[in-house]
Amino acid sequence: NEEHSVADEDTIEYAIKLLLSCQIAWSISSRNEPKVTWMLDKFGSDVRLSKNDEFYPGTAERVCLINGTVKQIISTLEWICNVKMEEKLMK
3 NEEHSVADED
13 TIEYAIKLLL
23 SCQIAWSISS
33 RNEPKVTWML
43 DKFGSDVRLS
53 KNDEFYPGTA
63 ERVCLINGTV
73 KQIISTLEWI
83 CNVKMEEKLM
93 K
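For the sequence shown, counting from 1, position 36 maps to 38 in my numbering; every step adds exactly one.
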């Protein structure tokens, strides 16, 4: 049922884990706090980052966990992708 799936987008919460470069992670939170509270206010998503010196094994990338509804996660990912695009343009 299409109505049911649209309603689920606004109520069911999901989690997505991704790896971010240190530059993007720094753009998200420059205070080395695991919970990024400003993103909760802006997008409604609960975003948590690994600490500055904690990298995914075998990489130089930090772990980012995003919890929220589909719409909240998409909004957060769009913002992160825009930061990445700006980073590329600056080079």
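Idealized CB from N, CA, C, for every residue including glycine.
In this text the structure is predicted, and so the values were computed from the model without any measurement.
Top-ranked residue by Cα proximity to residue i, from the options
{"i": "W28", "options": "C83, N54 and K73", "result": "N54"}
{"i": "N69", "options": "Q25, E63 and S77", "result": "S77"}
{"i": "E80", "options": "Y58, R64, A62 and M41", "result": "M41"}
{"i": "I82", "options": "E63, A62, L22 and Y58", "result": "L22"}
Local conformation of residue i per DSSP, three classes
{"i": "A17", "result": "strand"}
{"i": "D48", "result": "strand"}
{"i": "V72", "result": "helix"}
{"i": "V85", "result": "helix"}
Alpha helix (DSSP H) segment containing residue i, residue limits
{"i": "S23", "result": "Unbroken run through S23: none, as it is neither H nor E."}
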